[in-house]
Amino acid sequence: MMTTRTTRILLLDDAYDSMWPLKSFLESLGSYEVILTAQADVIHRLAHEAFDLVCIDIMIHPKSLDADGNEVENVQFPGVNWQKTGIAFLQHLRNGEFANGKEQATSPDVPVLILSAVAEYSLQEIKTSFNQFTRYMEKPFDVGDFLKTVEQLLQPV
578 MMTTRTTRIL LLDDAYDSMW PLKSFLESLG SYEVILTAQA DVIHRLAHEA FDLVCIDIMI
638 HPKSLDADGN EVENVQFPGV NWQKTGIAFL QHLRNGEFAN GKEQATSPDV PVLILSAVAE
698 YSLQEIKTSF NQFTRYMEKP FDVGDFLKTV EQLLQPV
């Protein structure tokens with residue numbers, strides 16, 4: 578009997594309340610497992626867990642309330658303003674800096690979908706971190722368009 582592997586998506590966003598419906602929708606489709614987090618341990622998770630797609634919000638506050646209403650410390654990088662945390666995250670990811678020793682469970686070339694409520698102007702800083710597996714969507718977005726983009730990014734080359 579052949580089993581279908583669940584596609585793992587990391588949704589890196591600190592707006593748990595507004596992104597929870599997206600997580601729930603994707604998981605209701607049956608073939609996606611979605612991890613919604615912006616907590617500081619996400620870097621450790623990338624080193625030890627394989628994700629098939631990473632969705633990144635550009636602006637991540639140092640602290641926010643998680644899905645249960647508890648205050649959490651979010652991922653931050655020294656010298657990086659919270660308004661550009663997602664940009665720094667993408668650059669570190671693409672440079673393979675989330676490795677566990679010699680290995681990184683999530684590939685530096687993992688497909689990435691940048692989700693942001695800020696204008697595309699901030700993308701000029703990260704064009705060098707883009708590859709054929711990087712897309713951008715401005716919030717708010719149409720869920721149908723989001724799903725189509727996710728499916729395109731997950732297509733085998």
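Numbers in this note's numbering are just positions in the sequence shown, counted from 1, shifted up by 577. Backbone N, C-alpha and C define an ideal beta-carbon position, used for all residues, glycine too. Computed from a predicted structure; not experimentally measured.
| Asked | Found |
| --- | --- |
| For residue 649, I'd like the list of residues in its chain whose CB is within less than 6 Å of its CB, leaving aside the five on either flank, ordered along the chain. | 616, 643 |
| According to the neighbour-count rule (16 or more other Cβ atoms, all chains shown, within 10 Å of its Cβ), is residue 600 buried or exposed? | buried |
| Count the C-beta pairs between the stretch 620–634 and the stretch 581–599 that are closer than 8 Å, then say yes if the count reaches three, no if not. | yes |
| Rank 718, 583, 629, 675 by C-alpha distance to the C-alpha of residue 623 and give the top, closest one. | 675 |
| Give the straight-line distance between the Cα atoms of residue 695 and residue 590, rounded to the nearest whole angstrom. | 14 Å |
| Between residue 720 and the rest of its own chain, which residues show a CB-CB distance below 8 Å, the 5 nearest in sequence each way excluded? | 599, 602 |
| Can you list the alpha helix (DSSP H) stretches of 4 or more residues lying completely in the stretch 603–666, in chain order? | 619–625 |
| Secondary structure at residue 712, three-state DSSP: helix, strand or coil? | strand |
| If you drop the 5 nearest sequence neighbours on each side, which residues of the same chain put their C-beta closer than 7 Å to that of residue 651? | 591, 615, 616, 617, 637, 638, 639, 640, 641 |
| Beta carbon of residue 692, beta carbon of residue 716: below 8 Å? | yes |
| Among 723, 583, 621, 657, which one has its Cα closest to the Cα of residue 683? | 621 |
| On a CA-only basis, which of 673, 722, 588, 718 is nearest residue 630? Give me that one, please. | 588 |
| Do residue 714 and residue 731 have their beta-carbon atoms positioned less than 8 Å apart in this structure? | no |
| Pull up the distance between the alpha-carbon of residue 607 and that of residue 671, whole angstroms please. | 29 Å |
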